[in-house]
Structures are given as structure tokens and as C-alpha cells.
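Before any comments, here is the structure.
Protein chains: 2
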Amino acid sequence: MKNITFASTNQNKFLEVQSILSTRSITVDFSQRHLVEIQSDSLKEIAGEKAKTAFAKVGRPVIVEDDGLFIDSLAGFPGPYSSFVFKTIGNDGILKLLAGSAKRSAYFSSVIAFYNGIILSISDGRVDGRISDRITECDWGYDPIFVPNGTDLTFAELKKSKNEYSHRKRALEKFAQWYLKL
Amino acid sequence: MKNITFASTNQNKFLEVQSILSTRSITVDFSQRHLVEIQSDSLKEIAGEKAKTAFAKVGRPVIVEDDGLFIDSLAGFPGPYSSFVFKTIGNDGILKLLAGSAKRSAYFSSVIAFYNGIILSISDGRVDGRISDRITECDWGYDPIFVPNGTDLTFAELKKSKNEYSHRKRALEKFAQWYLKL
Chain Y
109 MKNITFASTN
119 QNKFLEVQSI
129 LSTRSITVDF
139 SQRHLVEIQS
149 DSLKEIAGEK
159 AKTAFAKVGR
169 PVIVEDDGLF
179 IDSLAGFPGP
189 YSSFVFKTIG
199 NDGILKLLAG
209 SAKRSAYFSS
219 VIAFYNGIIL
229 SISDGRVDGR
239 ISDRITECDW
249 GYDPIFVPNG
259 TDLTFAELKK
269 SKNEYSHRKR
279 ALEKFAQWYL
289 KL
Chain S
109 MKNITFASTN
119 QNKFLEVQSI
129 LSTRSITVDF
139 SQRHLVEIQS
149 DSLKEIAGEK
159 AKTAFAKVGR
169 PVIVEDDGLF
179 IDSLAGFPGP
189 YSSFVFKTIG
199 NDGILKLLAG
209 SAKRSAYFSS
219 VIAFYNGIIL
229 SISDGRVDGR
239 ISDRITECDW
249 GYDPIFVPNG
259 TDLTFAELKK
269 SKNEYSHRKR
279 ALEKFAQWYL
289 KL
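Chains Y and S supply the protein sequences, listed in that same order.
Heads up, the numbering used here is the position in the first sequence plus 108, with the first residue counted as 1.
Heads up, the numbering used here is the position in the second sequence plus 108, with the first residue counted as 1.
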């Protein structure tokens, strides 16, 4: 078994990371803390800088995660600022922006950044799909309006089976593959 | 005459800063450079951190500026991420988000942050107004959709007389008042 520390404010994210990496022979410690993020159009750059910030605070090899929803016809909006956009205009706002639009393709992207003081490694995962015409049910984030390819259900409607499509899972599996060889 | 260095990527902003501060007996040097910004809901925090970054690079007392458009009914959206939002959904997107809405109040905010290695000073200025129903004419940024209080014209239509309402001018005048006593 190898070990890694996951730094985040979000305990639910930690539990998901732990659950996925444990199936890949990696145990995960949690360093719960707020990490300043930089502004950038690139999730990879944001996550990479966050990993360096986390390492400086935690003092041992760490991973951090950053993710976002990218809508093709809106030039990648809300992208790296998905949290802020959700807090302000929400899913209602996204549906207004796409009202009457046939081009609704979008993807979720997750980036895992590892840093140990020397090596910075970036692993990403994505799930392609489209934005639904309506908000399917109350759930967190953009899950009630995102329909992954291959289904007619939103992430919120898919509930547990959503994990089969998880962008975060894909990024973590890529990271695990790399980390087990390090 | 006192002197200060303004750090920014944007030469037009420098010319505006120089023009305003010169009437307050302050000469301005330009340090043209890209400065990493942090993510935050607070312009003051973003500008403060940017001033520290700028001081570390420039090595002498500096000011930096950050600004944004805050729409009340959208919980302050696009706020600190006004540039990204403009690049992605643009003024068309803002009008779609407010379609049919009677509550259109908004304000532009500008923050000037000064740092000299010891003292961090924040000066802000704002101009209140509302979002128009249509995009008045081609111009830069949100100027074609923002109508300051006291007029029926957008910033774009007001052209040069827009400066009477400038949030940046108000922030700079506040800064000048403070700086001349330092």
C-alpha cells in the first residue's frame, strides 16, 4: 500500500477520493484546509498552483482536486469559475443562457494535481454530455442539468450509478496508475 | 510631486491612471507585467494580494487596480470574474439572464491597492446604475449595457463624459487623498 495526503476544504470530496483510491492500493489521509486558488482559464494551472500551496502548508506529498463544467456554445463558461457561477446565477441562469439553443454539448472536467516539492504531476478526467432543458430535481451543483452521453438521465437522476461516469474517478484512476509506478 | 508605480498588463489603464493622478500632483511610472490573481468573491482581497505580488516583482511601492460589474439580482455576478464572463457569455449573456426582469440595478466597482512592503492600503470607488434592455453600440466591456444613475444613456453612449462617473476615478481620488498624506 502507498499513501498520499488529500488537501481540501471538502470532506465529501475526501471520502470520494479515499473510496476510489483504496481500490487501487492507495491509502489517503485528509488535510482539511482552505487553499487559495489563482484565477486562470486553465483548470490544470489552477490545480498545479494549488498543489504547490498545499505542499508548502502540509509539508508532505499531496494531491488536490479542481473541477468545472464547460459548455461548448458558451466558450467554456462557467469552467474554472463553476462554483462562483453556481452560487450566483445557478442552474436557472445556465438554462436561460441556453434557452432555445440546440447546441447544448458540455463536459465536466476534473484535474488531480500531485506535488512533492520536486515533481508536479497533473492527471485529468472528463465526461462528455449535454445540458438538459429543465432542472430535473433538487440536488447539489450542476448535477440536475447535466446529462452524460449514453443516457437520457441527468447526473441527479442517475444517483449512485453516476459514479460510473465520474470525471473525478477517471482523473483519480489516471493519477493512481502514475503514482503506483513513482 | 510624489511618484508611484502602476503595475498592470493594460497600457490603456495606465494612461487613465496617469491622467487622473497627474491632476493630484502624483506622477506615475508604468510596470507592464502580468500578475497572477487569486480567486475570491472580494475585489479588495484580490487587489490586496495582487499588490503584494506586484511589490515582490517590482521592488518599489506600487499600486494595482481591479474592477468588476456587480448585478444585484444575480447576487453580484459577474463581480470579480467580469473579464472571464465577458469573454465567454458577453453582453448577450447578461441580457438573457435579466430578460423580463424589472430589477436591473447594478454597480461598477474599482479597487486600488497600494503596497510598499509594510503598508497595504485599499481605496475603492463605485458607480451605481442599471443594466439596459439592449446593447447600445459596439464598444469595450460592459459599457454598452450599463446606464449610470442620473442618465438614460449607457457608458458607451456617454463616451468621454463617462469619465465624470468613473468608478476608477473615484477610487484613484480616494487613493491620492490618502497617499499625499503618507
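In this text, a Cβ means the ideal position worked out from N, Cα and C, and glycines have one as well.
From a predicted model like this one, the values you see are computed outputs, not experimental measurements.
Listed along chain Y are 196, 197, 201, each with a C-beta nearer than 8 Å to that of residue 182/S. Around the beta-carbon of residue 255/S, 16 or more other beta-carbon atoms lie within 10 Å, marking it buried.
About 17 Å separates the Cβ atoms of residue 237/Y and residue 194/Y, ruling out a contact at the 8 Å cut-off. Taking the C-beta atoms as reference points, residue 174/S is found nearer than 8 Å to residue 154/S.
Between the alpha carbons of residue 177/Y and residue 232/Y lies a distance of about 13 Å. Inter-residue distance for residue 252/Y and residue 220/S is about 40 Å (C-alpha atoms, whole angstroms). Taking 8 Å as the threshold, the shortest C-beta distance from residue 185/Y to chain S falls below it. Counting along the chain, residue 196/Y sits inside the alpha helix (DSSP H) bounded by residues 190 to 196. For residue 238/S, the three-state secondary structure derived from DSSP is strand.
Only residues of its own chain outside the window of five on either side were considered, and among them 143, 144 have a CB closer than 7 Å to the CB of residue 161/Y, listed in chain order. In this structure, residue 112/S lies near residue 134/S, with their beta-carbon atoms less than 8 Å apart.
Judged by DSSP secondary structure, residue 130/Y falls within the alpha helix (DSSP H) whose first and last residues are 119 to 130.
At least one CB of chain S lies nearer than 8 Å to the CB of residue 144/Y.
Distance from the Cα of residue 147/Y is smallest, within the candidate group 200/Y, 131/Y, 197/Y, 186/Y, for 186/Y.
Within the same chain, Cβ atoms closer than 6 Å to the Cβ of residue 264/S are found at 244, 245, 247, 251, 252, the five residues on either side in sequence being excluded.
Chain S has no Cβ within less than 8 Å of the Cβ of residue 160/Y. The C-beta of residue 123/Y has fewer than 16 other C-beta atoms within 10 Å across all chains shown, which makes the residue exposed.
Contact residues of the stretch 202 to 216 of chain S toward chain Y are 204, 205, 207 (C-beta to C-beta distance below 8 Å). In summary, residue 242/S is exposed, with fewer than 16 beta-carbon neighbours lying within 10 Å of its beta-carbon over all protein chains present. Against chain S, the CB of residue 192/Y has a partner CB under 8 Å away; the residue lies at that interface. Closer than 8 Å to the CB of residue 149/Y there is at least one CB belonging to chain S. Short of 7 Å from the beta carbon of residue 172/Y, and not among the five residues preceding or following it, lie these beta carbons of its own chain, in chain order: 115, 116, 143, 155, 158, 159, 162, 221. In the displayed model, residue 256/Y falls within a strand according to three-state DSSP. The three-state reading of DSSP puts residue 243/Y in coil, since its state is none of H, G, I, E or B. Listed along chain S is no residue with a C-beta nearer than 9 Å to that of residue 287/Y; the closest approach is about 27 Å. At least one CB of chain Y lies nearer than 8 Å to the CB of residue 189/S. Secondary-structure assignment with DSSP links residue 231/Y through a beta bridge to 220/Y.
When secondary structure is reduced to three states using DSSP, residue 211/S falls in the coil class, being assigned neither helix nor strand. If you look at residue 154/Y, you'll find it in the alpha helix (DSSP H) that goes 151 to 166.
Under the DSSP assignment, residue 140/Y falls in the beta strand (DSSP E) whose first and last residues are 134 to 140. With fewer than 16 neighbouring CB atoms inside 10 Å of its own CB, residue 130/S falls in the exposed class. The Cβ atoms of residue 169/S and residue 224/S sit closer than 8 Å to each other.
By a beta-carbon distance limit of 8 Å, residue 182/Y contacts residue 197/S. Their separation comes to about 5 Å. Annotation for residue 173/Y: the continuous beta strand (DSSP E) segment containing it runs 170 to 179.
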